[in-house]
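Student:
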Amino acid sequence: MINIKKVVVGAFEVNCWIVWDESNNAIVIDPGADANKIEKAIEESGLSVAAYLLTHGHADHISALADISHKIPAELGIHPNDAKWAFTPQNSIPPFYPQPATPEKIDRSLEDKQTWQDGNLNYEIIDTPGHTPGGVCFYFPAEKLLFCGDTLFKGSAGRTDLPGGDSRVLANSLKKLKQLPGETKVYSGHGPDSTIEHEIKTNFFMK
Ligand SMILES: [Zn+2]
Ligand SMILES: [Zn+2]
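In terms of the numbering used here, the sequence shown opens at residue 1 and continues consecutively.
If you want it as structure tokens, here you go:
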């Protein structure tokens, strides 16, 4: 049994996802802001956090990382192509997000096709560059759940006009997501949930 809690955080209303198994082992995806709000959500369900994982490096998705991992320590994971610039001045979005604080260390270098197990949470890394060079999705094959950050949205896809963005590369990443089972639930970095099937039918970017 997998439990999912969405905590909407920060000025850009990022979906921070808390995912846990029946023994309360949790991962936290994209702690973008509001560390106190995330901490409260973790504590009110009595969870023990195995890892904080980033779908990509943009400041709106990572700005509470140093803070929350200080309050509740756990391993940190990001793709190396985004780790390079995520904690530099280049990643500030004034006036909303100053340069994200650097966490003590990155424990997990997330790469395509890795499989991870945290408690009874079993998931794969799907490399989906295009919105950023180091964008990844977290896919739970048994439960058919996809946490896709800003790669895919209900009815839309990630912008590619920011530094490191590439529309052709993103199109290729979306092609990979189209191979997933249609019933796969899609949990994006902003906005409402969807399914792969619904997006293939209705989303221009998935044509
Ligand atoms: Zn982004
Ligand atoms: Zn975003």
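Every residue, glycine too, gets a C-beta built ideally from N, C-alpha and C. These figures come from a predicted structure and were not determined experimentally.
1. When you compare the CB positions of T88 and G149, do they come within less than 8 angstroms of one another, or not?
2. Please state whether the Cβ-Cβ distance between A33 and V14 is less than 8 angstroms.
3. Which full runs of the alpha helix (DSSP H) of 4+ residues lie inside the stretch 104-154, going along the chain?
4. Does the count of Cβ pairs from the stretch 136-152 and the stretch 92-108 closer than 8 angstroms reach three?
5. Which runs of the alpha helix (DSSP H) at least 4 residues long sit entirely within the stretch 21-75? Give them in chain order.
6. Out of L177, G164, I27, G134, point me to the one whose CA is closest to F153's CA.
7. Could you give the DSSP three-state label for S173: helix, strand or coil?
8. Flag this pair as touching only if the stretch 87-102 and the stretch 59-77 have three or more C-beta atom pairs under 8 angstroms; answer yes or no.
9. Bridge partners for K178 per DSSP, in chain order?
10. Can you find a heavy atom of ligand 2 that lies under 7 angstroms from the Cβ of V222?
11. For the 8 angstroms Cβ check, are there 3 or more pairs between the stretch 40-59 and the stretch 68-86?
12. Among the residues of its own chain, which have a CB less than 6 angstroms from the CB of I93, if the five just before and after it don't count?
13. Roughly how many angstroms separate the alpha carbons of L180 and I200, rounded to a whole number?
14. Mind listing, in chain order, the residues whose beta carbon lies closer than 5 angstroms to a non-hydrogen atom of ligand 2?
15. Cβ of H131 within 7 angstroms of any heavy atom in ligand 1?
Tutor: The relevant details are as follows:
1. Within the sequence shown, the letter at position 88 stands for residue 88. Within the sequence shown, the letter at position 149 stands for residue 149. Not a contact, by the Cβ cut-off of 8 angstroms.
2. As a first step, residue 33 must be located in the sequence shown, where it is residue number 33. As a first step, residue 14 must be located in the sequence shown, where it is residue number 14. Yes. Within cutoff.
3. none
4. no
5. Within the stretch 21-75, the complete alpha helix (DSSP H) runs of at least 4 residues are 35-44, 59-62, 65-71.
6. Looking up residue 153 in the sequence shown gives position 153. Considering only alpha carbons, the answer is L177.
7. Within the sequence shown, residue 173 is the residue found at index 173, counting from 1. In this structure, S173 counts as helix in the three-state DSSP scheme.
8. yes
9. Residue numbering aside, residue 178 sits at position 178 when the sequence shown is read from its first letter. BP columns for K178 are empty, so no partner.
10. This structure gives no information on residue 222, because the portion of the chain shown stretches from 1 to 207.
11. Taking 8 angstroms as the limit for Cβ pairs, the verdict is that the stretch 68-86 does touch the stretch 40-59.
12. Taking the first residue of the sequence shown as position 1, residue 93 is located at position 93. Closer than 6 angstroms at the Cβ level, and outside the excluded window around I93, lie A59.
13. One-based indexing of the sequence shown puts residue 180 at position 180. One-based indexing of the sequence shown puts residue 200 at position 200. Using only the alpha carbons, I get a separation of about 11 angstroms.
14. D60, D150, G189
15. Taking the sequence shown and counting its residues from 1, the one referred to as residue 131 is at position 131. Because some heavy atom of ligand 1 lies under 7 angstroms away, the Cβ of H131 counts as near it: yes.
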